[in-house]
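**Q** The structure that follows is given in the form of structure tokens.
2 protein chains.
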Amino acid sequence: MQIIDGNAIAESIITELTAHVSGFTKQKPVVAFIRVGEDPASVSYVRKKQKTAERIGIESRLHLLPEDVSKEALFEQIDVLNADTNVNGILVQAPLPAHIDETETFNRVTPEKDVDGFNTLNIGKLCQEDPSGFVACTPAGIVELIGRSNIETEGRHVVVVGRSQIVGKPAALLMMRKGLPGNATVTVCHSRTKDLPSITRKADILIAAIGRANFVTGDMVKEGVAVIDVGINRLADSSKKNGYRLVGDVEFSSVAEKASHITPVPGGVGPMTVAMLMQNTVRAFQAARHE
Amino acid sequence: MQIIDGNAIAESIITELTAHVSGFTKQKPVVAFIRVGEDPASVSYVRKKQKTAERIGIESRLHLLPEDVSKEALFEQIDVLNADTNVNGILVQAPLPAHIDETETFNRVTPEKDVDGFNTLNIGKLCQEDPSGFVACTPAGIVELIGRSNIETEGRHVVVVGRSQIVGKPAALLMMRKGLPGNATVTVCHSRTKDLPSITRKADILIAAIGRANFVTGDMVKEGVAVIDVGINRLADSSKKNGYRLVGDVEFSSVAEKASHITPVPGGVGPMTVAMLMQNTVRAFQAARHE
Chain A
546 MQIIDGNAIA ESIITELTAH VSGFTKQKPV VAFIRVGEDP ASVSYVRKKQ KTAERIGIES
606 RLHLLPEDVS KEALFEQIDV LNADTNVNGI LVQAPLPAHI DETETFNRVT PEKDVDGFNT
666 LNIGKLCQED PSGFVACTPA GIVELIGRSN IETEGRHVVV VGRSQIVGKP AALLMMRKGL
726 PGNATVTVCH SRTKDLPSIT RKADILIAAI GRANFVTGDM VKEGVAVIDV GINRLADSSK
786 KNGYRLVGDV EFSSVAEKAS HITPVPGGVG PMTVAMLMQN TVRAFQAARH E
Chain B
546 MQIIDGNAIA ESIITELTAH VSGFTKQKPV VAFIRVGEDP ASVSYVRKKQ KTAERIGIES
606 RLHLLPEDVS KEALFEQIDV LNADTNVNGI LVQAPLPAHI DETETFNRVT PEKDVDGFNT
666 LNIGKLCQED PSGFVACTPA GIVELIGRSN IETEGRHVVV VGRSQIVGKP AALLMMRKGL
726 PGNATVTVCH SRTKDLPSIT RKADILIAAI GRANFVTGDM VKEGVAVIDV GINRLADSSK
786 KNGYRLVGDV EFSSVAEKAS HITPVPGGVG PMTVAMLMQN TVRAFQAARH E
């Protein structure tokens with residue numbers, strides 16, 4: 546059994562990107578972050594993304610807007626960044642305050658700078674297998690983990706548990722696309738699926754993106770399955786300083802006993818999303834500069 | 546066993562649309578067709594669409610361009626129709642000559658008038674379950690056939706054979722969406738799938754969109770399956786005046802013996818696509834007029 550080390554794989558991607566970016570002598574890629582309000586998780590995510598950008602040689606800019614910012618003011622900020630030819634990537638950190646529609650906001654970002662891959666046009670391109678689009682960072686990270694772990698996908702049965710717009714569906718579309726990693730037979734399950742264990746037991750590769758702690762247990766998988774656990778759930782744990790521990794959607798102990806490969810939580814898919822964001826930014830830069 | 550009568554279902558949709566359109570007293574919906582060259586199948590398809598439009602009370606306009614038309618001239622014609630506020634829907638009949646890229650052409654049509662549902666933005670909206678988009682006519686017709694035949698989809702296992710951009714993938718996304726018809730567990734199979742019969746035998750609903758005559762046989766399905774056959778294949782048949790007969794991707798005789806529902810070819814999915822095009826046109830008209 547092999548534990549897929551998301552930290553190590555993300556680190557090699559960051560090293561590759563650093564070498565790549567050092568070759569851009571005239572200009573460096575620029576990513577702009579917009580953060581609305583002071584949500585502690587958002588503060589921490591954006592800081593992490595900025596730090597990684599800095600390591601790679603990507604310049605980052607941070608635009609802070611107050612929690613009560615109007616939609617118009619937020620969109621004006623996005624428009625300014627859309628028009629700024631020095632900015633290659635724009636990321637509006639979710640969640641946004643309730644008075645601002647997230648889909649509308651993500652669609653305000655011009656598709657060429659939508660390094661988050663949330664713009665409807667980029668989702669359409671993913672479905673059409675048009676490589677000029679940006680793939681959202683979590684599903685892109687899942688595919689990268691599978692590819693770099695040399696897990697064969699062609700003709701194998703991938704079961705995705707979860708049908709969300711940002712993980713389940715794009716991951717399914719990526720795994721069924723023509724090419725590698727891909728060419729898989731793909732089943733998408735969700736809350737309405739009947740007799741879920743009978744389906745997850747068919748999986749050669751299981752992608753769990755349900756958002757329920759320890760949901761997938763050892764009796765639900767077959768021997769030799771490769772497991773990608775996308776869940777990040779907090780479980781109360783008084784032995785921890787902060788009062789909780791992070792667990793995935795997969796019960797690690799029982800599933801690991803049968804798996805050929807498994808991602809841990811934390812340290813699996815999580816670190817990959819930041820690496821994929823950086824990869825998208827470098828791609829946006831190259832597309833804009835025709836490098 | 547119930548044969549799903551696509552002609553009859555399409556006819557009831559046309560009757561409903563006719564009643565609906567008769568209520569538009571000030572203006573009528575307008576659909577514009579662009580046909581390039583004289584491909585006999587295209588001539589016949591466009592004529593059929595125009596006839597159906599006329600029956601419903603939708604005005605149709607036909608723009609004929611020569612086979613050797615430049616991309617620029619074709620796009621100029623599309624732009625004129627995009628800008629014409631009296632035109633609600635625009636359909637560029639495929640196939641296009643080899644020197645013109647189809648995806649680029651379909652994306653030239655403004656999404657609000659893309660009644661064919663081929664624009665990348667509308668495909669993205671389908672994936673995002675945004676009902677403001679247009680769904681391509683064949684997958685929309687499949688869902689309508691299932692819904693109007695009262696075939697339950699919630700929690701049932703839909704197996705789609707074929708992963709094309711225009712049928713397999715959108716049909717899969719529609720069947721897994723939140724809502725009805727939908728909420729199904731969905732498996733997408735294709736040419737790289739291993740042991741296809743073991744998967745098709747799990748299907749409560751089988752959607753066959755492979756493009757190979759009589760490919761799905763009785764031994765590949767379980768008792769009680771509902772079968773939607775999207776294939777239209779020509780088989781040489783000297784007993785026919787024109788030298789061929791049309792068959793689906795499903796071997797009708799052997800599969801019908803086990804099926805609860807099955808679409809015939811011709812007379813199944815085929816007639817639905819024209820009806821769905823008309824429905825999209827009426828929707829485009831209503832969205833433009835805010836009726």
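For the record, the sequence lines run as chains A and B.
So the first sequence is numbered by our numbering: it starts at 546 and just counts up by one.
So the second sequence is numbered by our numbering: it starts at 546 and just counts up by one.
Using N, Cα and C, we set each Cβ at its ideal position, and we do this for glycine too.
1. Should asparagine 633 of chain B and proline 684 of chain B be called a contact, given that it needs their Cβ atoms to be closer than 7 angstroms?
2. Under 8 angstroms, with one C-beta from each stretch per pair, do the segment 770-782 of chain B and the segment 805-814 of chain B reach the 3-pair mark?
3. Examine chain A for any beta-carbon lying closer than 7 angstroms to the beta-carbon of glutamine 710 of chain B, and answer yes or no.
4. Using a Cβ-Cβ distance under 7 angstroms, would arginine 757 of chain A count as near chain B?
5. If you compare alpha carbons, which of A:Asp675, A:Ile755, A:Leu741, A:Val688 is closest to glutamine 710 of chain A?
6. Quick one: does lysine 767 of chain A have its CB under 7 angstroms from some CB of chain B?
7. Taking Cβ positions only, does asparagine 778 of chain A come closer than 7 angstroms to chain B?
8. Do you know whose CA, among A:Pro676, A:Asp675, A:Ile635, lies nearest aspartate 659 of chain A's CA?
9. Measuring only between beta-carbons, confirm whether methionine 720 of chain A sits less than 7 angstroms from chain B.
10. Near glutamate 802 of chain B, which residues of its chain fall below 7 angstroms by C-beta distance, leaving aside the five closest residues on each side in sequence?
11. Tell me the DSSP secondary structure of serine 709 of chain A in three-state form.
12. Using only alpha-carbon positions, find the residue among B:Thr563, B:Asn627, B:Arg600, B:Ala553 that is nearest to alanine 577 of chain B.
13. Decide yes or no for the touch test of the segment 720-740 of chain B against the segment 685-700 of chain B: beta carbon pairs closer than 8 angstroms, at least 3 of them.
14. Taking buried to mean at least 16 other C-beta atoms within 10 Å of its own C-beta, is methionine 817 of chain B buried or exposed?
15. Give me the chain B residues within the contact set of cysteine 734 of chain A, using Cβ-Cβ distance strictly less than 7 angstroms, ordered along the chain.
16. Between the alpha carbons of glycine 678 of chain B and asparagine 652 of chain B, how many angstroms are there, rounded?
17. Does chain B have any CB closer than 7 angstroms to the CB of isoleucine 750 of chain A?
18. Among B:Ser615, B:Gly727, B:Ala639, B:Ala618, which residue has its Cα nearest to the Cα of phenylalanine 663 of chain B?
19. Taking only the alpha-carbon atoms, compute the straight-line gap between alanine 832 of chain A and asparagine 552 of chain B and give it to the nearest angstrom.
20. Taking all protein chains shown into account, do 16 or more other C-beta atoms lie within 10 angstroms of the C-beta of lysine 670 of chain A, making it buried, or fewer, making it exposed?
21. Run down chain B in chain order and give the residues with a C-beta less than 7 angstroms from the C-beta of isoleucine 668 of chain A.
22. What residue range does the alpha helix (DSSP H) around aspartate 774 of chain A cover?
23. In chain order, what are the residue ranges of uninterrupted beta strand (DSSP E) at least 3 long that sit wholly in the segment 566-624 of chain A?
24. Between the C-alpha atoms of lysine 747 of chain A and alanine 771 of chain B, what's the straight-line distance to the nearest angstrom?
25. Apart from the five residues on each side of it in sequence, which residues of its chain come closer than 8 angstroms, Cβ to Cβ, to leucine 741 of chain A?
26. Taking its Cβ as the centre, do 16 or more other Cβ atoms sit within 10 Å of alanine 564 of chain A, making it buried, or is it exposed?
27. Looking at C-alpha atoms only, which residue of A:Leu822, A:Thr745, A:Glu796 is the closest neighbour of asparagine 759 of chain A?
28. So lysine 714 of chain A contacts chain B; which residues on that side make the cut at Cβ distance below 8 angstroms?
29. Extract the residue ranges of the beta strand (DSSP E) inside the segment 781-831 of chain A, only unbroken runs of 3 or more that lie entirely within it.
30. Please tell me whether lysine 739 of chain A has its Cβ less than 7 angstroms away from any Cβ of chain B.
31. Just mark asparagine 667 of chain B as buried or exposed, buried being the case when its beta carbon has 16 or more other beta carbons within 10 Å.
32. Beta-carbon separation of glutamine 547 of chain A and histidine 806 of chain A under 7 angstroms?
33. Helix or strand or just coil, what does DSSP make of asparagine 631 of chain B?
34. Would you grab the beta carbon distance between isoleucine 750 of chain B and threonine 732 of chain B for me? Rounded to a whole angstrom, and I think it's under 8 angstroms.
35. So for leucine 636 of chain A, helix, strand or coil by DSSP?
36. Is any beta-carbon of chain A found at less than 7 angstroms from that of threonine 837 of chain B?
**A** From the atom records:
1. no
2. yes
3. yes
4. no
5. A:Ile755
6. no
7. no
8. A:Ile635
9. no
10. Gly763
11. coil
12. B:Asn627
13. yes
14. buried
15. Thr730
16. 14 angstroms
17. no
18. B:Ala639
19. 49 angstroms
20. buried
21. Gly669, Cys672, Gln673
22. Where aspartate 774 of chain A is concerned, there is no enclosing alpha helix (DSSP H), although the beta strand (DSSP E) it sits in stretches over 771-774.
23. 575-581, 604-610
24. 23 angstroms
25. Val706, Cys734, Met765
26. exposed
27. A:Glu796
28. Cys672, Leu718, Met721
29. 789-792
30. yes
31. buried
32. yes
33. coil
34. The Cβ separation is near 11 angstroms, so there is no contact.
35. strand
36. Outside the displayed span of chain B (546 to 836) sits residue 837 of chain B, for which this structure offers no information.
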